[in-house]
Structures are given as structure tokens and as C-alpha cells.
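Structure record follows, encoded as C-alpha cells.
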Amino acid sequence: MKKSYFTVRLLFCIINISFHLSAESLDDIVNQYFRYDKWAEAKIALEDYISVNSTDSKGLSYYAAALFQLKATDEAIMALRKAINYEDSTDKKGSYYYRLGAYYYDQQLTELALEMLNKATTYNTIIASPYYLKGLIYYEQGSMDDCLSNWKKYVHLTTNIEKKKKIEKLISLFETEILEAKIRQEEAERKRQELLDKLKKELEETDADTSTMKAEKEIDVEPTDEDFLDEELDF
1 MKKSYFTVRL LFCIINISFH LSAESLDDIV NQYFRYDKWA EAKIALEDYI SVNSTDSKGL
61 SYYAAALFQL KATDEAIMAL RKAINYEDST DKKGSYYYRL GAYYYDQQLT ELALEMLNKA
121 TTYNTIIASP YYLKGLIYYE QGSMDDCLSN WKKYVHLTTN IEKKKKIEKL ISLFETEILE
181 AKIRQEEAER KRQELLDKLK KELEETDADT STMKAEKEID VEPTDEDFLD EELDF
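Per the numbering used here, the very first residue in the sequence shown carries number 1; after that it's consecutive.
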């Protein structure tokens, strides 16, 4: 009986070790599947990997990426939240929160997206991407001041030179448009005020003319008998 128990335990250990050895490493999965956009195969390989390494945040984050590419965004969000829970590095947490924000943005849940993006920049103070996506969300909402503020932070932090130049051009374009719109608004306000002042003056002149005509009319009216009586009694 005792011998049989140890035999079963040994067999279990051998199977477990074999399974560990058969599971592909993350580097293998990236090289074989991610590089060639083989997302379905990557998903299967990562499921095998995670079944052995259930608390590996990096593995979970790759799994989330594969799910997202397969349009399984809800499952991707769940996997990425697990990755965040298991991750110890604050910088990596920031990166994961950025991706989580991007997933929520993809689902058009912009308020949740902004919340996650704010967490991203709290955990990782040098990450640039959240500022770009926040700027894009604010642009779509018509909040240009917030848009430009975040894009300027992106430009300051990013190492992507090509994208930096494009965003700088957009910032310059939008700032020029905002300035021109402000000038047009101020000019329209000036003209409106001039028109109001002119109308007010014309009304005042009309009132003055009416008062003068009324006074002149009163002078021209001949006194009645009752007027004479009033004068006689007024002492």
C-alpha cells in the first residue's frame, strides 16, 4: 500500500515535470506566433503556459494582447486585470493600466478609459502613450485645452521621433486655429457692441426729439376757460 502511494506520487511528479518542459516559453510564443500575427495559435500556447504559471503577470499580459487581437476584448480586460494584480513593479503596472485604458477606449467606455490612463501615469511617471490617448479622447469630446495639454506632455516624454513630429504639427495647427477663432470672436463681439452703442444713441436721440416736439406742442395750445379759472384761483 505504501509502495503504491509513492509510485503514484512519483508518476504525478514525472507528468508535472514533463508538462512544465512541454509548455513553450514566452520568448518562444512571441517568436513563433506574435511576430507572425498568429493570434489563435498564440492564445492556445499562452493558455498552456498560464495553466502552469498562473501568477505570471507577463504571461497574462501577453494572453490579454492575443485575446484583444482576436476581438475578445472583455476576456482581454479580465486577463490584464489579473496581470496588474500579480505585478509588483509600479512601472509595469503603469504600462498595463495604459493598455487597459486602450481596451476600454476600444469599447467606447471613455470615462473608464480616462480613469485607467490616469492610473497609468500615476504608477509610471515617464510613460508617454497614456498622454497621447488622453489627448485623443479630449479632442473627440471637444475639450481642446485638455487635448493640447496632454499632447504636449506626450511630446515631452515620447521617444518616438516620427510620431512626436506629427503631434507637434497638430498642436501648432490647433493652436493657430484656436487663436484665429478667438480673434474672430473678439472682432464679432466688437462689432456687436458697436451696433448696440449705435442703436442706443439713435434711440436716445429719438427720445430727445419726441420730448422737444411734445414741449413745443404744449406751448402752442390755446388756454381754455377752465385754464383762466385755474389761474384766477391760484394765489
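C-beta atoms are modelled at their ideal positions from N, C-alpha and C, and glycine is treated no differently.
Residue from the options with nearest C-alpha to residue i
i      : options                          : result
PHE68  : TYR104, LYS58 and ALA181         : TYR104
TYR154 : ILE178, PHE174 and THR125        : THR125
THR236 : ASP74, SER57, TRP39 and ALA40    : Any question about residue 236 goes unanswered here, given that the chain covers just 1 to 235.
LYS163 : TYR138, LEU26, GLU177 and LEU133 : LEU133
ASN150 : SER129, GLU194, ILE161 and LYS93 : SER129
DSSP three-state assignment for residue i, whether helix, strand or coil
i      : result
GLN107 : coil
ASP91  : helix
SER172 : helix
THR55  : coil
LYS119 : helix
ALA83  : helix
ASP37  : coil
LYS200 : helix
SER22  : Since pLDDT at SER22 reaches only 43, below the 50 mark, its modelled position is unreliable, and no value is offered.
ALA72  : coil
ILE77  : helix
THR125 : coil
Beta-carbon spacing of residue i, residue j below 7 Å
i      : j      : result
LEU258 : LEU80  : Since the first residue shown for the chain is 1 and the last is 235, residue 258 is missing from the structure and cannot be characterised.
ALA72  : ALA64  : no
ALA42  : TYR49  : no
LEU148 : ILE167 : no
Supposed close pair residue i, residue j - CB separation, criterion 8 Å
i      : j      : result
LYS82  : LEU46  : Actually they are not in contact, since the Cβ atoms of LYS82 and LEU46 sit about 13 Å apart, beyond 8 Å.
TYR131 : LEU112 : The pair is not a contact, with the Cβ atoms about 18 Å apart (cut-off 8 Å).
MET116 : TYR97  : 5 Å
ILE84  : LEU114 : Going by Cβ atoms, the distance from ILE84 to LEU114 rounds to 17 Å, so no, they are not a contact pair.
Residue range of the unbroken alpha helix (DSSP H) whose run includes residue i
i      : result
ILE137 : 129–141
SER149 : 144–157
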